[in-house]
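Protein chains in written order, with our numbering: chain F, 652 to 1020; chain Y, 26 to 440.
A quick write-up on the structure given underneath.
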């Protein structure tokens, strides 16, 4: 973890800081919104027109571009896409953890439980992170501090946020550890991360993430580094615990199978945009966007007939520096026509309001029924 | 010990002998400690496995990390010296070969590695990477050598004009193609594919998997395909072997084995694979295995899986499982499982709901496929691929930044 500088410029440029617990922050920014005045919200999380760009020597990379979605209380939403499609940057933007420089949220509005996150002062933001928003990252080894015992690391956010007396905090740590399925929890409090296996470390991460009963869990590829049987354990754990605590989950994954099993709704992302959104059943039964088709087509499946050729998506995703005003998937699309190269389609409803796709071909007057 | 596998050679409908015959192969690694590096234990990475791979066949090898699948692959082409047991290639015991004959034998077997970034020397051009095995084996010189390199690039779907480019200029999928070209350079009969697509993105995985399937048909190759993903293995393999803690626990043709697994571990693995279909995800019966894989330094006595076995608990923890190491029992024809209670496992319905369920169709609707415009000029698939690689290569020189995207838009011709 490294310290980053807070920067503020312009109305839409919010404070962006990295997680750095235990280090008091000296720089203050005008506290436009505070945690206390929060109006009642219908949705837990609402992201409107979020654009996060990276200012690199080669140009401005539009990693996330006008992304909008909502997440209800207790709901599990999947963000699915290939590497570089902007799914992780979306999650980092919600927690305001985008490394700055080079990244900056240049536009958009993020409302979390009634709070305008982008206008929150950094002390309040730190209260929000860890307490109301929990994190699970892909690599449990680098997310844990190797020089501190896991008991200390789980206790850290409890001490920070819940202000419990020592004995109560200790009991809470033991309770959390046994809840995430670590046997002999009391004996293992003083162990260090290297003494745990990959799956066990991810359990520790989940314990930290859930330590303060967060309302939202950001899970960024939580099982990618794990074996399938361990992956099944961790997914089951996330599912049961999120139900038990009524925690909403934003699950970022490249694995459509995981999304199918875990999520209520799924957003498919491509080249910084949401290209299709809907409930899992709609998305897997009647996808309405050639990229989503391509992803489903290119998966080898357990129910495959041997020797079938997989349909592939040829080519590579576009570089996100100055993308043209055209469908970003068009260069790889087998169904494209002239209009796809001339104008970018909007995310419009297919069937009903919640199932939306960004594709000229499957619009009501498009050329694919 | 595991002997049943070698008998399957005479199974009806199969002819010819195994190209690879492995008999009771063991690969152990010493664990050393202290200033005198005294040996304090042994990692039994591969602990007595017997199988064969027939000519032209693809054997899939699956298991979790640390189960010994990669070590097996390496021991098969003698990149690792076996501790015990023999590996015969086309009837010749590889262990008995001295360096000269071994090198000549190595021409017939090659390996493709998992990591397309680590397995290519960044200071060598693509041409010299592919030429290296040709030079080592003195296969061609001068113009013929040059021509051969270009042919190889064309076969794997890369433009021949990229011979003087460096690996960093290529994307992950393209690098894996270079790795395949290097393996093909010596015209091998047998290739060990060690997780060749695990490091790639979903849409790129399919491209490389299709390439490997095509090459097998065109060149009559025999593969050992190592993976941790059961669905990938099913797609490409004629037979699949499942490994757990250094042992083969089940082997058989995927259609039979995936529908009716005879080993509780295979059932657990199948039930853990996420299926991209919400309906079967909801209805299938899962077994979530408890705990981690035990250490291969101290594998459990009896059946190695009994410490995590759901069937063992269900049957009231029979003593046999704790004391007797089960051999591979033949269940039917080519299908064998190393479980004392394989019959009970066969009758179970755990983990396989995906098979009975009529799956949700693949992504692209038939109506859409029918609406594809006629091709302009009838570009054939291979040329089409080369054209795509050409246009995308220039952009691949920009490696993906943190959070930014990969390559660049490429003027892919309409298919």
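Every residue, glycine too, gets a C-beta built ideally from N, C-alpha and C.
For clarity, every value in this text was computed on a predicted model and none was experimentally measured.
message: Can you look up residue 309 of chain Y in the DSSP assignment and give me helix, strand or coil?
response: coil
Helix, strand or coil at residue 97 of chain Y according to DSSP, with G and I counted as helix: helix
- prompt: In chain F, which residues lie less than 9 Å from residue 271 of chain Y when you measure between Cβ atoms?
  reply: Residue 271 of chain Y does not reach chain F, its nearest Cβ partner there being about 16 Å away, counting only Cβ pairs nearer than 9 Å.
query: When the Cα atoms are used, what is the spatial distance from residue 1084 of chain F to residue 927 of chain F?
result: With chain F covering only 652 through 1020, there is no way to say anything about residue 1084 of chain F.
message: Let me check understanding here. Comparing Cα to Cα, which of Y:57, Y:71 and Y:46 lies closest to residue 321 of chain Y?
response: Y:71
message: What residue range does the beta strand (DSSP E) around residue 871 of chain F cover?
response: 867-871
field: Contact test: residue 186 of chain Y Cβ vs the ligand MG heavy atom, cutoff 7 Å
entry: As for the ligand MG, it is missing from this structure, which has no ligand bound.
field: residue 1016 of chain F versus residue 224 of chain Y - alpha carbon distance
entry: 40 Å
Closest by C-alpha distance to residue 325 of chain Y, when choosing among Y:348, Y:343 and Y:305: Y:348
- request: Within the region 718-770 of chain F, note down every full beta strand (DSSP E) run reaching 3 residues or more, in order along the chain.
  value: 727-731 and 754-763
- request: Report all residues from its chain with a CB closer than 6 Å to the CB of residue 363 of chain Y; omit the five preceding and five following residues, and keep chain order.
  value: 274, 351 and 353
query: How close, in whole Å, do the beta carbons of residue 1012 of chain F and residue 392 of chain Y come, if the pair is a contact with beta carbons under 8 Å?
result: With a Cβ gap of about 11 Å, residue 1012 of chain F and residue 392 of chain Y do not count as contacting.
- request: Run down chain F in chain order and give the residues with a C-beta less than 7 Å from the C-beta of residue 388 of chain Y.
  value: 938, 943, 944, 945, 946, 947 and 948
- request: Kindly indicate the opening and closing residues of the alpha helix (DSSP H) around residue 911 of chain F.
  value: 907-913
query: For a contact meaning CB atoms closer than 7 Å, what does residue 835 of chain F contact in chain Y?
result: What residue 835 of chain F touches in chain Y: nothing, since even the nearest Cβ is about 12 Å away.
- prompt: Secondary structure at residue 921 of chain F, three-state DSSP: helix, strand or coil?
  reply: strand
Counterpart residues of residue 269 of chain Y in DSSP-defined beta bridges: Y:272
task: Going by DSSP, name the residue or residues bridged to residue 299 of chain Y.
output: Answer is none; residue 299 of chain Y lacks a bridge partner.
field: Span separating the alpha-carbon of residue 688 of chain F from that of residue 863 of chain F
entry: 21 Å
field: Runs of beta strand (DSSP E) wholly within the region 163-221 of chain Y (minimum 3 residues, chain order)
entry: 215-219
- prompt: If residue 731 of chain F sits next to residue 972 of chain F, beta carbons under 8 Å apart, how far is it from one beta carbon to the other, in whole angstroms?
  reply: With 8 Å as the limit, residue 731 of chain F and residue 972 of chain F do not qualify as a contact, their Cβ atoms being about 24 Å apart.
message: I'd like to check one pair, residue 333 of chain Y with residue 316 of chain Y: are the Cβ atoms closer than 8 Å?
response: yes
query: Looking at the structure shown, is residue 692 of chain F part of a helix, part of a strand, or coil, going by DSSP?
result: coil
- prompt: residue 248 of chain Y versus chain F: which residues are under 9 Å apart at the beta carbon?
  reply: None at all; the shortest Cβ gap to chain F is about 13 Å.
- prompt: By Cβ distance below 8 Å, which residues in the same chain neighbour residue 310 of chain Y in space, the five residues on each side in sequence not counted?
  reply: 296, 374, 375, 376 and 378
field: Close beta carbons around residue 89 of chain Y, own chain, < 7 Å, minus the five adjacent residues each side
entry: 253 and 318
query: From the beta carbon of residue 967 of chain F, is the nearest beta carbon of chain Y less than 8 Å away?
result: Any Cβ of chain Y closer than 8 Å to the Cβ of residue 967 of chain F would place that residue at the interface, and such an atom is present.
field: 8 Å Cβ cutoff, residue 175 of chain Y in contact with chain F
entry: no
message: Taking only three categories from DSSP, how would you classify residue 56 of chain Y?
response: Here residue 56 of chain Y sits in strand by DSSP.
message: Closest to residue 797 of chain F by C-alpha separation, out of F:1005, F:844, F:834 and F:831, would be which residue?
response: Taking only the C-alpha atoms, the option nearest residue 797 of chain F is F:844.
- prompt: If you count every other CB in all the chains shown that lies within 10 Å of the CB of residue 1008 of chain F, and 16 or more means buried, which is it?
  reply: buried
query: What does residue 883 of chain F touch in chain Y if you count any residue whose Cβ is under 8 Å from its own?
result: 296, 297, 311, 313 and 314
task: Verify the CB distance criterion: does residue 240 of chain Y have a CB-CB separation below 8 Å to chain F?
output: no
message: Does any residue of chain F have a CB that is nearer than 8 Å to the CB of residue 127 of chain Y?
response: Answer no: the Cβ-Cβ gap between residue 127 of chain Y and chain F never drops below 8 Å.
- prompt: The beta strand (DSSP E) spanning residue 248 of chain Y covers which residue range?
  reply: That run of the beta strand (DSSP E) goes 247-252.
- prompt: Straight-line CA distance for residue 934 of chain F to residue 917 of chain F?
  reply: 7 Å
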